[in-house]
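In my numbering, the protein residues as written are 33 to 482.
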């Protein structure tokens, strides 16, 4: 089977699904490829920053309904180490009615987003795995196969977008991953608990030697406990507890190292076995000259201590689609028929360059702040004196939270209004597309979201 699309997107997590929705609503034919069935559990802290709520609303998620099922509003965070506990208030975000972040399980969010994508006209291929993705801008070829049957297919598209996360490289990328493990590698763990005693509206950050973590109450009152542990620390823990799984020794360590964890789990029952993944690859993977666009963790990975993974994923999809829709007066398959291959390659390169620049303006400081906080949290003797000083000047903490992106919305109100207006008139793509695309973003030399 050979099928042609305007864009192929690999990975249907928050980044991939968001990009698929935005492009499909602009009249593009989009293939969204996901190798796992939903709902599926993922290692994730499951926090959605308040800055992401306007974007969720813009792409068709009923935020009032979401808030009804998500965890309670997150108004305060605490840093825990041993018996110590320091609390800080979180600043409110804009606009009114969307001031506070929430926690929502990936099983719930991913399923919601892919449902909106299907409703927008996205061709969802699930569960299908990518065997190869080859070619160049204007002529990509993707070979894929069903993970449940013997079916296979080949897709053609002028654009390709990677949204396949940090730990799921394409076949051609697997040899590029670092084969040798390092003692400093961070491995990620997550478990969900029922009946936990964590106070609603509080986001505890866990600090312990060789790692960091967090707890939060998500949808249906389920408590998520997630952490990152250095490989050498995990190895010592497992040697001290032979016969125990990695998740079991991590849970026991967290209860010893942070009294708040033990208190929250005293009445709790673990809902599922521990999940593990990694090692993490913090840093920027995006390049100006990338022939394939990257969003989400495929573009960059922040230390998850700031709880911005899902928000950055969706916001990066917005940034890329803003550039694509601002620049193209028609879907790329049609554009390709009207210009030369060299002109198409230049058009693609200009978008890639602008996207990379705007991505760095939006997220570079956030990644640096996350790295500083993560390394401090892994060294409690260094962190704790700093927190005591911060208690005397809480405005410093507020500024740090803002640096981490908790209050800064990527799409502005005017842009969201234009997007919603276009979504309501998308019935006739061919006639409405050129004028409507100029309404997706405010008129001017550059998209105003930047």
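The C-beta atom is built at its ideal place from N, Cα and C for all residues, glycine as well. In this text the structure is predicted, and so the values were computed from the model without any measurement.
| query | result |
| --- | --- |
| Counting Cβ pairs, one atom from each stretch, are 3 or more of them under 8 Å apart for the region 66-83 and the region 137-153? | yes |
| My assumption, with CB atoms under 8 Å, is that residue 218 sits in contact with residue 260. Please give the rounded CB distance. | 4 Å |
| Identify whether residue 344 lies in helix, strand or coil by the three-state DSSP scheme. | helix |
| In the region 138-163, which residue ranges form an unbroken beta strand (DSSP E) of at least 3 residues, counting only runs that do not cross its ends? | 155-157 |
| Helix, strand or coil, according to DSSP, for residue 358 in the structure here? | helix |
| Tell me whether the beta-carbon of residue 82 lies closer than 9 Å to the beta-carbon of residue 353. | no |
| Do we get a CB-CB distance below 9 Å when we pair residue 347 with the residues of chain D? | Protein chains in the displayed structure number just one, and chain D is not present. |
| Using the three-state DSSP reduction, which class does residue 352 fall into: helix, strand or coil? | helix |
| Tell me where the alpha helix (DSSP H) around residue 394 begins and ends. | 373-409 |
| On a Cα-Cα basis, can you pick out the residue from 70, 125 and 74 that is closest to residue 17? | No statement about residue 17 is possible, as the shown extent of the chain runs from 33 to 482 and does not include it. |
| Which of helix, strand or coil does DSSP assign to residue 442? | coil |
| Can you give me the Cβ contacts of residue 442 inside the same chain, cut-off strictly under 7 Å, excluding the 5 residues immediately before and after it? | 87, 347, 350, 351, 394 and 481 |
| Please classify residue 179: does DSSP put it in a helix, a strand, or coil? | coil |
| According to the neighbour-count rule (16 or more other Cβ atoms, all chains shown, within 10 Å of its Cβ), is residue 282 buried or exposed? | buried |
| Figure out for me which residue from 160, 285, 375 and 49 has the closest Cα to the Cα of residue 151. | 49 |
| With DSSP collapsed to three states, give me the class of residue 107. | coil |
| Evaluate residue 301 with the Cβ neighbour count: other Cβ atoms within 10 Å of its Cβ, from every protein chain shown; 16 or more gives buried, anything less gives exposed. | exposed |
| Could you compute how far the alpha carbon of residue 35 sits from the alpha carbon of residue 187? | 5 Å |
| Give me, in chain order, the residues of the same chain whose beta-carbon lies closer than 7 Å to that of residue 115; leave out the 5 immediate sequence neighbours on both sides. | 291 |
| Does DSSP put residue 130 in a helix, in a strand, or in coil? | coil |
| From which residue to which residue does the alpha helix (DSSP H) around residue 93 run? | Where residue 93 is concerned, there is no enclosing alpha helix (DSSP H), given that its DSSP letter is neither H nor E. |
| On a CA-only basis, which of 229, 236, 230 and 198 is nearest residue 220? Give me that one, please. | 198 |
| Taking C-alpha atoms, which residue in 192, 243, 162 and 279 lies nearest to residue 37? | 192 |
| If you reduce the DSSP assignment to three classes, tell me which class residue 305 lands in. | coil |
| Taking residue 424 as part of the alpha helix (DSSP H), name the residues at either end of that continuous run. | 412-424 |
| Here's the rule: buried if 16 or more other CB atoms are within 10 angstroms of the residue's CB, otherwise exposed. What is residue 97? | exposed |
| Give me whichever residues DSSP pairs with residue 255 in a beta bridge. | 225 and 249 |
| Excluding five sequence neighbours on each side, which residues of the same chain lie with their C-beta closer than 7 Å to the C-beta of residue 279? | 221, 223, 305, 306 and 308 |
| Please identify the residue among 411, 45 and 429 whose C-alpha is closest to the C-alpha of residue 240. | 411 |
| Can you give me the C-alpha to C-alpha distance between residue 294 and residue 270, rounded to a whole angstrom? | 20 Å |
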